[in-house]
Structure formats: structure tokens, C-alpha cells
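Have a look at the structure below before the remarks.
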Amino acid sequence: MSQPEVTMVLTCCGRVDLLQQTIESFEKFNTYPIKRTIITEDSCDPDVYQQVRDLYGDRFEIWCNEEKKGQIKSIIDAYETIETDYVFHCEEDWLFYKEGFIEEAFAILNSNPKITQVWLRTKENLNKDENFFTFGEVQEVDGYKFRKVSPTETFEWGSFSFNPGLKRMKDYYDLGKFDGCLSEMDVNIRYKEAGFYCVISETPGVEHLGEERRLGDPTRVWSKRRKPNKPKGLKRLLGHFKNLFTTGKW
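Our numbering puts the first residue of the sequence shown at -3, with every later residue one more than the last.
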């Protein structure tokens, strides 16, 4: 039986040094064939565009936006050209350090059609200084162990992510692509309402390089549902004290 084909879409916006680390580590640890790779660059900086073309133009498709599109529109345009049933989506600020992460994702996605994506980050990194997520009991498929990710009542995230991960193109089309979505949060809400969820691997495989170098996106509009129950004032302060005493982090 032939392997399903995978297209890789990598979004980038000016951080060429991080892009290099992402691609180098991906190619070092990925063990699954990639049919086609698209790098979509949205910095609108001619010098950056030339750097990316010089580095990868002989191997990958380099899409340099003439005008600022923002993350969502850049992704939509790239996805419209995908002819494979799966996409490995990635941003330009991740360091891979585990082999077989695509094979793992295939096994887990095939076990349940409502699983959107297998997250490769550590649980500690996801929750950071606040308890954004809870994690279910350990499940196992073909030797791969994982847990269901559930957002806490104060958080909307958990059903979708643009973090590195394999995704079904079928889900993308079945849920109306990203039409009407102005942010990753909008996509999350759409997937959540359709009953989808993410899981997290018990063996992490990526480190976030761009945590301290986040980029603004003038096209992004956060949903009003982003923080409907988010603790505020005294309740939020008490939450920080709780973290301080239980984890040593403020």
C-alpha cells in the first residue's frame, strides 16, 4: 500500500535566521517524504525575499507577497494549490529534535477522525505560567502514546493550531476552509464547535524558537470570544499567586 502524499506549507515573515534553523532541523529529523514544499514570505522586504530565494529557491517554491497578506490569507492562497490529501503546516520559528513525527501523526490521526492535529510541544511549554490546558489519560496507537488536549474554562484554544503538525485537507474543506476567519482563534472556534480537538504526543519533538521574537500581524482581528471568561483583576492576581506557590513561576 502506497504512502499518503504530503505537501509542506511554511509561513515566514522576515526572520530568516529562524527559518534556517527550522528547515535544517526539519530536514535532519523528518523521515517521511515530502512531495512539495511552499515557503510563503510576508515581510514585504526585498532584501529578505532575496535571502530566502538564495537559500532555498533551488529546492522549494518561494512565494513572496507583493503586498501584506497576513498569516491567514497567505495560508489560504497556498492551500488552494495543494493537491495532496495531507499538509504538514509549519511556521518559521521551530526547532525539531525527534524523528518519525509525521509517521506518528498519521497513526494517531487515522485512529479518530475528530483529532485535528498531534501537538509536538511539551505540556510545560504549552501551559507556561498559566494552566491553559488539561491533558487526558494516556492513549496508545501503534506504539505512539498521546493525550487529549482540553482547554480550561477560561481559554478557547485547543482544537486547532498553526504550530508544526500534520493535517487532513479534508477537514479544511469540510469546515469551509478558513473563509470568514480573521485569526487563528476564529479557526479554533470553528473546529471546536464542530467537535474537533487536538492531542499532544507523550514524546515532545519541537522547541519554540520565536517565543521572544513574536511578530505583529496588521490583518489579524481577534475574536470577541477570545477571553470571555478570562480571569481579571483580583481573580487573575490570585491565579498568579497560586502558580507562584505551586510551580515557582509568577
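Note that the Cβ used here is the ideal one computed from N, Cα and C, for glycine as well.
Ser146: member of the beta strand (DSSP E) spanning Tyr140 to Pro147, first to last residue. One Cα belongs to Phe97, the other to Arg11, and the distance between them is close to 24 Å. Secondary structure of Val183 (DSSP, three-state): helix. The alpha-carbon separation between Gly176 and Gly66 amounts to approximately 14 Å. Secondary-structure assignment with DSSP links Val5 through a beta bridge to Ile34 and His85.
Per DSSP, Arg49 is one residue of the alpha helix (DSSP H) stretching across Pro42 to Tyr52. By the C-beta density criterion, Val2 is buried, having at least 16 other C-beta atoms within 10 angstroms. Counting the other Cβ atoms within 10 Å of the Cβ of Ser179 gives 16 or more, which makes it buried.
Boundaries of the beta strand (DSSP E) harbouring Gly161: Gly161 to Arg164, taken from the DSSP string. Taking the CA atoms as reference points, His204 sits about 24 Å from Trp59.
If you ignore the 5 residues before and after Asn61, its C-beta comes within less than 8 Å of the C-beta of Thr36, Glu37, Asp38, Cys40 and Ser70, all in its own chain and listed in chain order. Of the other Cβ atoms in all chains shown, 16 or more fall within 10 Å of the Cβ of Val114; this residue is therefore buried.
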